[in-house]
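Chains as they are written, first to last, in our numbering: chain B, 1 to 327; chain R, 328 to 472.
In what follows, a single structure is set out as structure tokens and then discussed.
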Amino acid sequence: MVDVNKLREKAKEVVSRDDVRLLIGYRPGTYGFRARPAFVQGPDEADELIFTPACVNNLATYITLEEKLPVPRGQEPDLRKVAVMVKGCDSRALVQQMEEKAYDRDRILVLGIPCTGVVDMAKVEAKFPGVLQRGEIALEGDRFVLSFNGSKEEVPREELVADKCLRCRYPTPLVYDELLDEAVERFADDDYSDIAELEKRAAAEKWAYWEEKFSRCIRCYSCRNVCPMCYCEDCVLDRLQPQWMRRSVDISENTAYHVSRAYHLAGRCIQCGECQRVCPVDIPLMELNRKFYKDVEELYDYEPGTSVENPPLLSTFKVDDREDFIL
Amino acid sequence: MAEKTDFEPNIVAFLCNWCSYAGADLAGTSRIQYPSNVRVIRVMCSGRVNPLFVMNALQQGADGVLISGCHPGDCHYMQGNYYARRRFNLMRNFLEYLGVEPQRVRMSWVSASEGAKWKEVIEEVVNGVKEVGPMDQFKRRQLNW
Ligand code: SF4
Ligand code: SF4
Ligand code: SF4
């Protein structure tokens, strides 16, 4: 795990640079074990930075939000770099964004954090309900050590770690200007067993499963807003002319919403799990994203967010792509 | 099931202007009889078909959707049908994963000279959809204010 003093020193150095506007990192949240994004603009603010297994957010999202800031008339856009801290999975969002030419590589400065896994806050909160004071989480060997209210608890890693980390292929960032710690070796792989299990069911059973999930959706759009790959300025979900989806929350419109969201991430979703994490009604969005992820890998031997040189999947083709399904 | 045998599906077909639409036209002018369940929407290229069109057709009451374009290599715009093929393959798998029977969403290559093939494609699509019955899953229901 990254040494916090070293992290803060590095951050100070970075935000003091003339060509850096801002550093996006993590700081402790206001209660419980939570961490939250920190936007550090001066060296004095760097002392609040942390990196722990509670740092779940994918900060790559904020890079594209920064890109979208409107510039008042008569004012020059601020073209200084934005520095960002990324875990392995988060770095893939940067790779994918660059693959899509969302911004230039030299607009950002990447501090890579080799990662051994983050916690699933829902699992933590189920185990330690109602911790209101600030607590801390650290990973020591194969156990999470949680300190709060003056006491210490140890929990085996598998019990609290996020599901995505159990199938993490790239714990060390794939793109960085500086790596803040020793690279971590791959410790897991993805066999898609969860998706394969769902695929095997009968059509009616599948629809019953998804109908129940989709009917719970309140269309808060959090899953879209948090996604680092959802950065179009003009989103099809917001369109009124033509209006692809009505605003009503019913099964038809909700299904259309979920199909569109998942499809727009086909060959682009980098498995950071943010969409599912923020969903207030626990819809297993990763089961939708992962279907595409699996198919894209199996059909086109393509893994999003792994190489800046890869052209985006759906804007290319091979003449000999499969077509045995075509009449 | 009695209702299923009487069931006449609504099929929405997106046909590319240069091949499939002309192919369907040829079937017409050649007086080839084919099932009348198809509602044709002419697009300039199968590459124009956004997967959302398919979703939207199903929401608006289609029981099946067909996308048809030029054979690979024959696209008027050189490569539109290749893009369509990738997109469609993913769409088809995804809808199946959600519980939409694969018979409902189909793709075909029909050229301007293949009036007879057009008839076969339509028969196959219509029969496939008849087998699985009406599509109710995504249907947009009219609100009674
Ligand atoms: S998926 Fe990998 S890189 Fe991402 S948080 Fe988990 S272990 Fe770290
Ligand atoms: S769809 Fe979800 S998992 Fe995929 S990139 Fe977006 S937030 Fe991450
Ligand atoms: S976060 Fe959940 S409830 Fe909100 S729009 Fe997404 S799926 Fe629906």
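The C-beta atom is built at its ideal place from N, Cα and C for all residues, glycine as well.
Amino acids of chain B, ordered along the chain, whose beta-carbon sits closer than 9 Å to that of residue i
i: residue 426(R); result: 201, 202, 203, 204, 205, 206, 207, 208, 209, 210, 211
i: residue 279(R); result: Outside the shown range of chain R, which is 328 to 472, sits residue 279(R), and nothing can be said about it.
i: residue 465(R); result: 251, 252, 255, 256, 259
i: residue 421(R); result: 259, 262, 263, 266, 288, 291, 292, 295
Contact set between residue i and chain B, taken where Cβ atoms lie within less than 8 Å
i: residue 399(R); result: 319, 323
i: residue 454(R); result: Those do not exist, as residue 454(R) stays about 12 Å from chain B at its closest Cβ, beyond 8 Å.
Backbone secondary structure at residue i - three-state DSSP
i: residue 300(B); result: helix
i: residue 218(B); result: coil
i: residue 417(R); result: helix
i: residue 338(R); result: strand
i: residue 203(B); result: helix
i: residue 273(B); result: coil
i: residue 81(B); result: strand
i: residue 328(R); result: In this predicted model, residue 328(R) has a pLDDT of only 49, less than 50, meaning its place in the structure is not dependable; the value taken from the coordinates is given anyway. Note: residue 328(R) maps to coil in three-state DSSP.
i: residue 39(B); result: strand
i: residue 434(R); result: strand
i: residue 395(R); result: strand
i: residue 8(B); result: helix
i: residue 195(B); result: helix
i: residue 326(B); result: coil
i: residue 49(B); result: coil
i: residue 165(B); result: helix
i: residue 108(B); result: strand
i: residue 159(B); result: helix
i: residue 59(B); result: coil
i: residue 227(B); result: coil
Euclidean distance between Cα positions of residue i and residue j
i: residue 277(B); j: residue 223(B); result: 8 Å
i: residue 457(R); j: residue 430(R); result: 9 Å
i: residue 103(B); j: residue 88(B); result: 20 Å
i: residue 295(B); j: residue 420(R); result: 8 Å
i: residue 14(B); j: residue 37(B); result: 17 Å
i: residue 320(B); j: residue 169(B); result: 29 Å
i: residue 161(B); j: residue 376(R); result: 42 Å
i: residue 21(B); j: residue 39(B); result: 10 Å
i: residue 48(B); j: residue 62(B); result: 19 Å
i: residue 340(R); j: residue 393(R); result: 4 Å
i: residue 58(B); j: residue 267(B); result: 19 Å
i: residue 7(B); j: residue 35(B); result: 16 Å
i: residue 233(B); j: residue 441(R); result: 43 Å
i: residue 205(B); j: residue 318(B); result: 35 Å
i: residue 468(R); j: residue 422(R); result: 20 Å
i: residue 114(B); j: residue 91(B); result: 10 Å
Under 7 Å by beta carbon: chain B residues contacting residue i
i: residue 448(R); result: 327
i: residue 386(R); result: 252, 256
i: residue 416(R); result: 299, 322, 325
Residue i burial status per 10 Å Cβ neighbour count (16 or more: buried)
i: residue 329(R); result: With a pLDDT of only 48 at residue 329(R), under 50, the local geometry of the prediction cannot be trusted, and the value read off the model is given with reservation. Flag for residue 329(R) reads exposed.
i: residue 4(B); result: exposed
i: residue 480(R); result: The first residue shown for chain R is 328 and the last is 472, placing residue 480(R) beyond what the model contains.
i: residue 253(B); result: buried
i: residue 176(B); result: buried
i: residue 149(B); result: exposed
i: residue 195(B); result: buried
i: residue 98(B); result: buried
i: residue 65(B); result: exposed
i: residue 369(R); result: exposed
i: residue 142(B); result: exposed
i: residue 349(R); result: buried
i: residue 366(R); result: exposed
i: residue 183(B); result: exposed
i: residue 330(B); result: Lying before the first or after the last residue shown, residue 330(B) is absent from chain B, which here runs from 1 to 327.
Run of the beta strand (DSSP E) containing residue i, from where it starts to where it stops
i: residue 139(B); result: 136-140
i: residue 385(R); result: From DSSP, residue 385(R) is part of no beta strand (DSSP E) but of the alpha helix (DSSP H) over 378-386.
i: residue 290(R); result: Because chain R is modelled from 328 through 472, residue 290(R) falls outside the range shown and cannot be assessed.
i: residue 253(B); result: Note, residue 253(B): premise wrong, no beta strand (DSSP E); alpha helix (DSSP H) at 251-264.
i: residue 151(B); result: 151-156
i: residue 148(B); result: 143-148
i: residue 28(B); result: 20-28
Residues that residue i contacts on chain C, provided the C-beta gap is smaller than 7 Å
i: residue 436(R); result: The structure shown contains no chain C; its protein chains are B and R.
Residue span of the alpha helix (DSSP H) that contains residue i, given as start and end
i: residue 328(B); result: One cannot answer for residue 328(B) here, as it falls past the ends of chain B, which runs 1 to 327.
i: residue 34(B); result: Run containing residue 34(B): none; DSSP gives neither H nor E here.
i: residue 455(R); result: 442-459
i: residue 370(R); result: Careful: residue 370(R) lies outside any alpha helix (DSSP H), inside the beta strand (DSSP E) at 365-370.
i: residue 124(B); result: 121-127
Within chain R, the residues that residue i reaches when beta carbons sit closer than 8 Å
i: residue 372(B); result: Here chain B comprises residues numbered 1 to 327, so residue 372(B) is not present and cannot be evaluated.
i: residue 285(B); result: Correct list: empty, because the minimum Cβ distance to chain R is about 13 Å.
Chain-ordered chain R contacts of residue i [CB-CB under 9 Å]
i: residue 314(B); result: 410, 413, 414, 417
Contact set between residue i and chain R, taken where Cβ atoms lie within less than 7 Å
i: residue 86(B); result: Residues of chain R passing the Cβ test: none, with the nearest at roughly 28 Å.
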